[in-house]
Amino acid sequence: MRPRPPIKGRGIFSGTGLVIAALAVTAAALLYPLWSYADRQDTADAGVLSAQAVATPYGPLSAQDQDFITRVRLAGLWELPAGQLAERKGTTAAVRTAGQHLVDGHTSLDAHVRTVATQLGVPLPNEPNAQQKQWLATLNTAQGEDFDRTFAAILRLAHGRVFTLVAQVRSDTQNSLVRDLADDANATVLDHIKVLEATGYVDFATLARDLAASPTPVPTPPAVAPSAAVPVTPSPAESYSLPPAAASPAPSTP
Numbered sequence: 001m002r003p004r005p006p007i008k009g010r011g012i013f014s015g016t017g018l019v020i021a022a023l024a025v026t027a028a029a030l031l032y033p034l035w036s037y038a039d040r041q042d043t044a045d046a047g048v049l050s051a052q053a054v055a056t057p058y059g060p061l062s063a064q065d066q067d068f069i070t071r072v073r074l075a076g077l078w079e080l081p082a083g084q085l086a087e088r089k090g091t092t093a094a095v096r097t098a099g100q101h102l103v104d105g106h107t108s109l110d111a112h113v114r115t116v117a118t119q120l121g122v123p124l125p126n127e128p129n130a131q132q133k134q135w136l137a138t139l140n141t142a143q144g145e146d147f148d149r150t151f152a153a154i155l156r157l158a159h160g161r162v163f164t165l166v167a168q169v170r171s172d173t174q175n176s177l178v179r180d181l182a183d184d185a186n187a188t189v190l191d192h193i194k195v196l197e198a199t200g201y202v203d204f205a206t207l208a209r210d211l212a213a214s215p216t217p218v219p220t221p222p223a224v225a226p227s228a229a230v231p232v233t234p235s236p237a238e239s240y241s242l243p244p245a246a247a248s249p250a251p252s253t254p
């Protein structure tokens with residue numbers, strides 16, 4: 001019998017199938033290390049973050065939490081004396097009222113942060129940093145309406161920068177004491193922002209520019225014309241009550 005001729009196309013299809021299968025295996029071999037690396041990288045990052053947190057009865061205390069506690073203390077060390085200067089040197093009732101709010105707010109908040117720092121074992125500074133000392137020196141030398149403008153510009157800029165930090169900490173922290181402190185700080189900072197704006201000396205265009213720029217040792221006060229800087233008396237309907245006294249939550253169950 002004569003041998004049957006091969007069926008055309010079968011060899012071609014079989015060869016193509018082998019090539020496709022080989023490519024699939026090669027692609028899988030190439031991609032697997034990438035997937036594995038991504039998994040290991042995520043795990044490694046999580047491990048680093050966990051290593052940076054300190055275990056406490058109130059939940060993990062992160063590096064960001066500790067930095068926040070330090071910053072709250074530093075804020076009180078310079079904003080309280082700045083408020084005292086405004087009470088004494090302010091030429092309008094609105095400026096003196098803003099100074100009083102700074103004194104009252106940071107007296108309460110400083111007591112809260114010192115309690116939290118003691119409970120969590122976080123060391124606190126006892127004097128303002130170099131930038132804050134320079135701000136205070138600027139306020140000490142300013143007089144009259146120049147003091148009012150400088151006070152409103154510096155303090156409103158400082159509060160605007162810290163406001164976003166407080167929100168970030170409140171969103172991220174896993175520590176109940178830090179959450180409570182962030183709530184207190186948020187209420188205090190917002191109150192101070194309102195009374196500073198009520199002085200009538202905040203130039204919002206300059207403020208937006210300074211907030212967008214990198215921090216400078218001493219922000220330049222806006223050149224506001226006297227006729228455009230009429231202090232605004234806070235509305236009687238608005239409430240500027242201090243945050244409630246700090247109450248330490250019970251330790252969380254491990």
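Using the UniProt record's numbering, the letters of the sequence shown correspond one by one to residues 1 to 254.
Just so it is clear, CB atoms sit at the ideal spot from N, CA and C, and this is done for glycine as well.
If the five residues before and after TYR201 are omitted, its C-beta is found closer than 6 Å to the C-beta atoms of ASP148, ARG149, ALA152 and ALA229, all from its own chain and listed in chain order.
PHE163 and GLN132 have their C-alpha atoms some 17 Å from each other. Note on ASN140: under 16 other CB atoms within 10 angstroms of its CB, so exposed under the neighbour-count rule. The closest CA to that of THR92, considering only SER62, ASP110, PRO125 and GLN143, is found on GLN143.
Taking the CA atoms as reference points, ASP183 sits about 24 Å from GLN84.
The DSSP-derived three-state label of VAL54 is strand. Distance between ALA187 and ARG161, taken at the CA atoms: about 15 Å. Between ALA185 and LEU74, the C-beta spacing is not below 8 Å.
Annotated three-state conformation of LEU190 is helix, per DSSP.
DSSP, reduced to helix, strand and coil, places LEU124 outside both helices and strands of the structure shown, so it counts as coil. Its chain contains LEU196 as the residues whose beta carbon lies nearer than 6 Å to that of LEU155, once the 5 sequence neighbours on both sides are disregarded; these appear in chain order. Annotation: ASP203 is outside any alpha helix (DSSP H) and is labelled neither H nor E by DSSP.
One thing to note: HIS106 has its Cβ within 8 Å of the Cβ of GLY76. Of THR97, GLY90, ASP65 and PHE68, the smallest CA-CA separation from ASP191 is found for THR97.
Distance from LEU157 to ASP210 at the Cβ level is roughly 5 Å; contact confirmed, criterion being Cβ atoms closer than 8 Å. Scanning VAL54, ILE193, ALA208 and VAL116 for the CA closest to the CA of GLY99 turns up ILE193.
When C-alpha distances from ALA117 are compared across PHE204, THR206 and LEU181, the shortest belongs to LEU181. For SER171, the uninterrupted alpha helix (DSSP H) run begins and ends at 144 to 172, by DSSP.
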